[in-house]
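A quick write-up on the structure given underneath.
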Ligand SMILES: [Zn+2]
Ligand SMILES: [Zn+2]
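Residue numbers (my numbering): 7 to 325.
What follows is the structure, given as structure tokens:
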């Protein structure tokens with residue numbers, strides 16, 4: 007009989023490697039009702055799919071630091087929670103059971119018991135010592151905690167999350183552009199990419215927010231909530247000491263989140279034009295750029311303060 011490699015993390019919740027789903031008899035003995043596979047699709051999963059009495063979900067990610075774990079975590083945790091609610095036994099597994107599937111289970115512990123990554127990881131690793139979650143997943147789970155386990159806020163952490171999503175999207179688009187894909191295939195993958203964009207557009211109610219509008223046509227472009235702040239002069243060591251003492255630290259530009267109305271963001275850099283009148287109001291660079299205060303901002307969506315008016319909720323210009 008094949009060894010099975012399943013760890014019991016808590017009552018009803020199991021964690022394992024590829025081996026864990028290859029012994030159906032054992033899964034039945036353990037009364038596993040749900041299996042969450044966290045790996046790229048392959049033949050063994052196809053075989054497993056035929057076992058009708060086990061509910062099966064697949065999250066297709068690689069064990070790579072750059073892989074976007076957080077974009078799958080809500081559906082993964084729902085799948086687990088829905089099983090546990092009914093006292094069903096749930097198995098989460100990946101290839102080795104050391105990084106991808108533990109990342110999901112640790113995410114479950116964090117959210118359920120409001121734990122920071124290290125505490126939740128300790129619980130899981132104490133039961134399964136081979137657990138070694140990759141650094142990229144760790145920082146995403148830490149971000150998950152900082153966002154209060156929801157994706158719809160406007161804290162700096164939510165902005166960081168959305169920035170990262172855009173950055174990933176940009177990288178994906180770039181790799182699609184460089185690959186010589188057939189046209190229709192290219193279009194298809196771009197459509198998928200468009201769908202995976204987190205909407206950052208905020209319904210702008212000018213009576214509620216300090217907002218910014220085009221100096222020429224008065225089109226509202228973004229609000230205070232879309233600003234990406236940085237600590238002035240934090241990186242000022244980039245400037246030499248003499249210059250630093252002579253120059254007053256001043257940010258001459260606003261930096262904003264990537265907004266849906268900005269065109270050509272699949273390029274590495276470009277200009278930002280007003281969505282209504284088309285006047286150039288700024289520039290973007292996914293690699294980043296240096297603010298006048300010395301801080302490096304990356305990615306950088308920069309709007310010089312001279313290009314927009316800052317308006318308070320009472321429709322008064324803020325000087
Ligand atoms: Zn600055
Ligand atoms: Zn305009």
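Ideal Cβ positions, reconstructed from N, Cα and C, are used throughout, including at glycine.
query, result
"Rounded to whole angstroms, how far is the Cβ of residue 96 from the Cβ of residue 40, which I believe are closer than 8 Å?", "5 Å"
"Residues in the same chain with beta-carbon distance under 6 Å from residue 54, minus the five sequence neighbours each way, listed in chain order, please.", "27"
"Just tell me which of 266, 311, 25 has its CA closest to the CA of residue 257.", "311"
"Secondary structure at residue 310, three-state DSSP: helix, strand or coil?", "strand"
"With three or more beta-carbon pairs closer than 8 Å as the criterion, would you say the segment 139–148 touches the segment 69–87?", "yes"
"Starting from the Cα of residue 81, find the closest Cα among 66, 281, 21, 229 and give me that residue.", "66"
"How far does the alpha helix (DSSP H) with residue 106 in it reach, from first residue to last?", "106–119"
"Of the choices 33, 272, 261, whose alpha-carbon is the least far from that of residue 294?", "261"
"Excluding sequence positions up to five away, which residues of its chain have a Cβ less than 7 Å from the Cβ of residue 226?", "210, 212, 217, 219"
"So residue 127 is in the beta strand (DSSP E); what residue range does that whole segment cover?", "Taken as a continuous stretch (DSSP letters only), residue 127 belongs to no beta strand (DSSP E), being part of the alpha helix (DSSP H) at 123–133."
"Determine the burial state of residue 45: buried for a count of at least 16 other Cβ atoms within 10 Å of its Cβ, exposed for fewer.", "buried"
"Would you call the segment 297–306 and the segment 314–324 in contact, with 3 or more CB pairs under 8 Å?", "no"
"Beta-carbon within less than 8 Å of residue 318's beta-carbon, same chain only, minus the 5 sequence neighbours each way: which residues are those?", "216, 324"
"Given a threshold of 16 other Cβ atoms within 10 Å of its Cβ, counted over all protein chains shown, does residue 139 qualify as buried or as exposed?", "buried"
"Once DSSP output is grouped into helix, strand and coil, what is the label at residue 18?", "coil"
"Between residue 30 and residue 57, which are expected to be in contact by the criterion C-beta below 8 Å, what is the C-beta distance as a whole number of angstroms?", "6 Å"
"Check whether the Cβ of residue 287 sits closer than 8 Å to any heavy atom of ligand 2, and report yes or no.", "yes"
"Just grab the DSSP bridge partners of residue 265 for me.", "Residue 265 is not bridged to any residue."
"So, residue 271 versus residue 222, is the Cβ gap smaller than 9 Å?", "no"
"Please report the straight-line C-alpha distance between residue 154 and residue 123, rounded to a whole angstrom.", "12 Å"
"Using DSSP with H/G/I as helix, E/B as strand and the rest coil, what is residue 63?", "strand"
"Does the beta carbon of residue 295 fall short of 8 Å from some heavy atom of ligand 1?", "no"
"Ends of the alpha helix (DSSP H) at residue 78?", "76–91"
"Quick check on residue 248: buried or exposed, where buried means 16 or more other Cβ atoms within 10 Å of its Cβ?", "Here the model assigns residue 248 a pLDDT of 48, short of 50, so the residue's position is not dependable, and the following value carries that caveat. Exposed: under 16 other Cβ atoms inside 10 Å."
"Using DSSP with H/G/I as helix, E/B as strand and the rest coil, what is residue 95?", "strand"
"Nearest by alpha-carbon distance to residue 267: which of 278, 274, 71 is it?", "278"
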